[in-house]
Amino acid sequence: MPSREKTIMFASACLVCGCSFVLICTVLGTQQWMSSDIHLSGSNSSVTVSLTYGLFSGICKQYINEGLLVSARTFQVADKLGNTKAKNTFTAIIVILVFALLTSLLSSGFTCTNAVSNPYQTFLGPIGIYTWNSLCGIFILLAMILFPVNIEEHDLSLELANGCFYLLQPHIKSVHTYGYSYWIMLLVILQNAASIFIVYSYDHARYSKKKEQERPIENAPKDVILF
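All the letters of the sequence shown, read from the start, carry residue numbers 4 to 230 under the working numbering.
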């Protein structure tokens, strides 16, 4: 059976991994990745289209004269995108996040296993925990990079606004703001790092203690050797 200290440390790491799993589910399930204001010039009035969307769906609102709401509708992102490369990138982000979800689940399982047993010499031990947490962090970081690159490279907010309202007015500018669904991923990366740190701290302390106990006799005091 593992020591009380080991159980507490790995149970804490398991809790952190569990929180990471819940947050990734939140990232996939909420549609607050991006908020954009598309400003257009009209003949007699200004037109603004505001969008809030995620990987699957969003809501689009049209205003005139900086405040008067004239239309609002929900939409499916895949239905409004005509750019095949942009669609494929969105699909890739979803797949990457699913992999992150799986690696987070595996990390939770490994840390839980170590909290109740001692599989140090196998992949189920700290090495496995380091591996799954690192992979999860890499997947999340990749998703965080791909999403804004996809938005900026293909001007997706303007394309989605056109898909909702078939805009004819000249485009002046677009203002983008990343929502909480996007920034939660940064918290997931920090939790992966925290889980690795907790496990490493315990493993390093255990290794140092073991080395101290195995110290060669020549390092012992002379009076002990004489005795």
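Backbone N, C-alpha and C define an ideal beta-carbon position, used for all residues, glycine too.
Subject >> Inter-residue Cα distance where the pair is A16 and I143 >> reply: Their backbone Cα atoms lie some 19 Å apart in a straight line.
Original post:
Helix, strand or coil: which one does DSSP assign to Q35?
Top reply: Reduced to three states, the DSSP call for Q35 is coil.
Original post:
So is the beta-carbon of A89 under 6 Å away from any non-hydrogen atom of the ligand GDP?
Top reply: The model on display carries no ligand, and the ligand GDP is accordingly not part of it.
Subject >> Runs of alpha helix (DSSP H) wholly within the region 154-195 (minimum 4 residues, chain order) >> reply: If we require 4 residues or more, the alpha helix (DSSP H) runs fully inside the region 154-195 come out as 159-168.
Original post:
If we count Cβ pairs, one from each stretch, closer than 8 Å, do we get three or more for the region 33-46 versus the region 112-122?
Top reply: Here the region 33-46 makes no contact with the region 112-122; the two share fewer than three CB pairs at distances below 8 Å.
Original post:
What whole-angstrom Cβ distance do A75 and I62 have, given they're in contact under 8 Å?
Top reply: Going by Cβ atoms, the distance from A75 to I62 rounds to 7 Å, so yes, they are a contact pair.
Subject >> Terminal residues of the alpha helix (DSSP H) in which L108 lies >> reply: Looking at the DSSP string, the run of the alpha helix (DSSP H) that includes L108 is 87-119.
Subject >> T77 in three-state terms, based on DSSP >> reply: In the structure shown, T77 sits in a strand (DSSP, three-state: E or B).
**OP:** Please report the Cβ distance between L161 and S184, rounded to the nearest whole angstrom; I am assuming they are in contact, meaning their Cβ atoms lie under 8 Å.
**Re:** The Cβ separation is near 21 Å, so there is no contact.
Original post:
Helix, strand or coil: which one does DSSP assign to F128?
Top reply: The sequence as given places Gly at residue 128; Phe does not occur at that position. DSSP places G128 in the coil class of the three-state scheme, outside both helix and strand.
Subject >> 8 Å Cβ shell around I241 - same chain, five flanking residues per side excluded >> reply: A question about residue 241 goes unanswered here, because the residues of the chain that appear run from 4 up to 230.
Subject >> For D40, the residue or residues it bridges with in DSSP >> reply: S53, V178, per the DSSP bridge assignment.
Original post:
Starting from G61 and walking both ways along the beta strand (DSSP E), at which residues does that stretch end?
Top reply: Looking at the DSSP string, the run of the beta strand (DSSP E) that includes G61 is 60-67.
**OP:** Compare the beta carbon distance of N195 and G128 with 7 Å and say whether it is the shorter of the two.
**Re:** Using a Cβ distance threshold of 7 Å, N195 and G128 do not count as a contacting pair.
**OP:** Kindly list the residues whose CB is nearer than 8 Å to the CB of F93, restricted to its own chain and excluding five residues on each side of it in sequence; keep chain order.
**Re:** Sequence-distant partners of F93 (beyond 5 residues in either direction) whose C-beta falls short of 8 Å from its own C-beta, in its chain, are L58, V80, A81, L84, N153.
**OP:** My understanding is that F168 touches Q65, with C-beta atoms under 8 Å, so please give their C-beta distance in whole angstroms.
**Re:** That belief holds up - the Cβ atoms of F168 and Q65 are roughly 6 Å apart, short of 8 Å.
**OP:** Reducing DSSP to helix, strand and coil, say where L138 ends up.
**Re:** DSSP places L138 in the helix class (H, G or I) of the three-state scheme.
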